[in-house]
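Everything in the sequence shown is counted per our numbering, starting at 2 for the first residue and increasing by one.
Every residue gets a Cβ at the ideal spot worked out from N, C-alpha and C, and that includes glycine.
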Amino acid sequence: MDMSMSMSMSREAILQVKGMRKEFPGVLALENVDFSVQQGEVRALVGENGAGKSTLIKILTGVYQPDGGELLFKGRKTTIAGPLAGQQMGISVVHQELNLIEDLSICENIFLGRPLLKKAFPHLIDWQLMNRESSALLERLKVALDVGEKVKNLSVAQKQIVEIAKALSYNCEIMIMDEPSATLTENELQVLFDVIFELKRQGVTIVYISHRLEEIFKIADTVTVLRDGRHIVTGKVADTDRSELIRSMVGRSMDNEYPKRSGVIGDTLLEVSHFTSSRLKDVSLQLKSGEILGVAGLVGAGRTELARAIFGADRKDGGTLLLRGKEEKIHAVSDAVRKGLGLVPEERKNDGLVLGMTLRENISLTKIEKVENSVLLSPAKELKLSNEYIQKLRIITPGPEQLVKNLSGGNQQKVVLAKWLVADSDILIFDEPTRGIDVGAKYEIYLLLNELVQAGKSIIMISSELPELLGMSDRIIVMHEGKITGELSREEADQEKIMNLAAG
Ligand SMILES: Nc1ncnc2c1ncn2[C@@H]1O[C@H](COP(=O)(O)OP(=O)(O)OP(=O)(O)O)[C@@H](O)[C@H]1O
Ligand SMILES: [Mg+2]
Numbered sequence: 002m003d004m005s006m007s008m009s010m011s012r013e014a015i016l017q018v019k020g021m022r023k024e025f026p027g028v029l030a031l032e033n034v035d036f037s038v039q040q041g042e043v044r045a046l047v048g049e050n051g052a053g054k055s056t057l058i059k060i061l062t063g064v065y066q067p068d069g070g071e072l073l074f075k076g077r078k079t080t081i082a083g084p085l086a087g088q089q090m091g092i093s094v095v096h097q098e099l100n101l102i103e104d105l106s107i108c109e110n111i112f113l114g115r116p117l118l119k120k121a122f123p124h125l126i127d128w129q130l131m132n133r134e135s136s137a138l139l140e141r142l143k144v145a146l147d148v149g150e151k152v153k154n155l156s157v158a159q160k161q162i163v164e165i166a167k168a169l170s171y172n173c174e175i176m177i178m179d180e181p182s183a184t185l186t187e188n189e190l191q192v193l194f195d196v197i198f199e200l201k202r203q204g205v206t207i208v209y210i211s212h213r214l215e216e217i218f219k220i221a222d223t224v225t226v227l228r229d230g231r232h233i234v235t236g237k238v239a240d241t242d243r244s245e246l247i248r249s250m251v252g253r254s255m256d257n258e259y260p261k262r263s264g265v266i267g268d269t270l271l272e273v274s275h276f277t278s279s280r281l282k283d284v285s286l287q288l289k290s291g292e293i294l295g296v297a298g299l300v301g302a303g304r305t306e307l308a309r310a311i312f313g314a315d316r317k318d319g320g321t322l323l324l325r326g327k328e329e330k331i332h333a334v335s336d337a338v339r340k341g342l343g344l345v346p347e348e349r350k351n352d353g354l355v356l357g358m359t360l361r362e363n364i365s366l367t368k369i370e371k372v373e374n375s376v377l378l379s380p381a382k383e384l385k386l387s388n389e390y391i392q393k394l395r396i397i398t399p400g401p402e403q404l405v406k407n408l409s410g411g412n413q414q415k416v417v418l419a420k421w422l423v424a425d426s427d428i429l430i431f432d433e434p435t436r437g438i439d440v441g442a443k444y445e446i447y448l449l450l451n452e453l454v455q456a457g458k459s460i461i462m463i464s465s466e467l468p469e470l471l472g473m474s475d476r477i478i479v480m481h482e483g484k485i486t487g488e489l490s491r492e493e494a495d496q497e498k499i500m501n502l503a504a505g
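Following this line, the structure appears as structure tokens:
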């Protein structure tokens, strides 16, 4: 990429920041960052976990105030006093975590907290107008959804669309999306991409953050790379390629994104027979020691439910579970943990972490559950373990005493992983283990997974990223509507076969 690009692109910028600086206690999140976008452009923003991407967009949307630098909107120097001020200027953001209220309708969510009132009777809500306006927004996005539908009945992709419609409802000129694709599967991505193309056609400027680099080549015109809070390069997507992008992001080249492993696959460790529940239909599988079993499927296919049923987190109506050939009754998570099972959940904020606790405390939680009151870990031991995993997983933090809520999204995800790696389970179920994790750190995680199976442990890996499943699994099962629709060996598996089975 040509460094001079960043200069020429500041021409006619709709939004421009110069010399941006943002500091948190013990962390310099942004240092002298220049960034500008032109109207109608789709700009990808990439970088490792903790590089400063979310911090930058929080400054652009008025969530944070910068400690230095200036911000120009349509050529005019300005400050964005708060999120509302940002929206009123025409800068909207779709955050990675969905912020919708499940029990309200699409229309109610779009106009949440600012209902449209009847002109003649300003104490009355004008439902007709709100319905019309929200239908018009969805039409603008070219998606057919009933605005009266409750959000809880929508798929994740559809919820994402509602978030986008909500962002659009503020007469938005710049739409910033922070990892919008993280919860979508390959098939659903196309819906999001179509919406982005449509917005672009209408002249909306888009800033798109993602760790899935292949997306950037599909939708973005230009890309900006941040590293350690600094601007590394901005250039045209057409002038770069994946390996160059990775090099700019992580500061070294990576020839192989999936490390080879050399273990032997042993005897059957886990046998699940005829699992049945409200979401599972007669699911059976076997897992051998030293094996990584991949689980593919669309959102809602029952993959997470299967994981939770094995782990004793959800009730099941029928089926048996054998560990090393012996039937075990696992009714609760504590049973599972005691029998050597671990589940790294996909929802890090709900199931995985205590955000108000420190990294050290979070990492020790599972271990404490496991030893069950007999011996608590000494603070010194906790500290040693925490430091070990901060290094192993390259968690970006000032230290083990940092509160988890202050870590970047990807680094929080690494703490969830660390927590379960510390627990030393024989069978680990990973639900979307690398969601939101940068390419460099993914590699470190894959190395750890390899280490685990080479030591004779077994892994079930649920993932929506097909390249990851194909790169890491010994075997892949595919689910559709609660059933297993097929099983593929490493040799026979490819993207197309998996997608066909996933579609039922
Ligand atoms: N409120 C905060 N208090 C303290 N530190 C913070 C806070 N918000 C962010 N940071 C730190 O600033 C740095 C940049 O974080 P940021 O969230 O911008 O990263 P990111 O590029 O979005 O990463 P990810 O890909 O993991 O989402 C990180 O080291 C993070 O821990
Ligand atoms: Mg982020």
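Residue i: CB within 7 Å of a non-hydrogen atom of ligand 1
i: V284; result: no
i: T435; result: no
i: D229; result: no
i: I397; result: yes
i: V64; result: no
i: F36; result: no
i: N33; result: no
i: D336; result: no
i: N412; result: yes
Range of the contiguous beta strand (DSSP E) that encloses residue i
i: R22; result: A14 to F25
i: E237; result: With the sequence shown as reference, residue 237 is identified as Lys, and Glu is not the correct amino acid for it. From DSSP, the beta strand (DSSP E) with K237 extends over R231 to K237.
i: Y209; result: T206 to I210
i: E32; result: V28 to Q39
i: L270; result: T269 to T277
i: I293; result: I293 to G298
Selected residue, minimal CA-CA separation from residue i, among the options
i: M255; options: A503, G457 and K443; result: K443
i: N363; options: E383, V334, T277 and V273; result: E383
i: V273; options: K327, F218 and A239; result: K327
i: A419; options: D475, I396 and L139; result: I396
i: G505; options: G487, I438, I107 and P399; result: G487
i: L73; options: I210, L118 and F36; result: F36
i: G291; options: V454, G83 and P181; result: V454
i: E306; options: I430, G267, V416 and A381; result: I430
i: A302; options: H124, D475 and S464; result: S464
i: L508; options: E492, D495, V479 and R491; result: Any question about residue 508 goes unanswered here, given that the chain covers just 2 to 505.
i: E13; options: Q287, S93, H332 and G76; result: G76
i: N257; options: Q88, E445, I165 and K151; result: E445
i: M90; options: E150, S156 and S170; result: S170
i: S387; options: K458, L408, S365 and S379; result: S365
Residues near residue i in its chain [Cβ-Cβ closer than 7 Å; skip 5 each side]
i: Y259; result: Y447, G472 and M473
i: K19; result: D35, G70 and E71
i: E32; result: R22, G230 and R231
Residue i CB to nearest heavy atom of ligand 2 below 7 Å
i: K54; result: yes
i: S409; result: yes
i: D315; result: no
i: D179; result: yes
Which of helix, strand or coil DSSP assigns to residue i
i: I177; result: strand
i: N374; result: Residue confidence is low: N374 scores 41 on pLDDT, short of 50, so the model does not pin down where it sits. Its coordinate-derived value is still stated next. N374: coil per DSSP, three-state reduction.
i: V355; result: coil
i: V345; result: strand
i: R77; result: strand
i: F122; result: coil
i: L185; result: coil
i: D127; result: coil
i: L429; result: strand
i: M255; result: coil
i: I478; result: strand
Same chain, Cβ closer than 6 Å to residue i, neighbours up to 5 away in sequence not counted
i: G341; result: S426 and D427
i: V192; result: A158
i: E189; result: A158
i: A30; result: K23, G53, T56 and G230
i: R309; result: D315
i: G264; result: G291, V454 and Q455
i: L356; result: V405 and K406
Where the alpha helix (DSSP H) through residue i begins and ends
i: L471; result: L467 to M473
i: L307; result: R304 to I311
i: K167; result: V157 to L169
i: R144; result: Reading off the sequence shown, one finds Val at residue 144, where the question assumed Arg. Per DSSP, V144 belongs to no alpha helix (DSSP H) and is neither H nor E.
i: V454; result: V440 to Q455
i: F112; result: Run containing F112: none; DSSP gives neither H nor E here.
i: G410; result: G410 to V423
i: K219; result: L214 to I220
Close Cβ partners of residue i (< 8 Å) along its chain, the five nearest in sequence each way excluded
i: E199; result: R141, L142 and K143
i: I266; result: K289, S290, G291, E292 and D475
Chain C within 8 Å of residue i, Cβ atoms only
i: S379; result: Note that chain C does not occur in the displayed structure, where there is just one protein chain.
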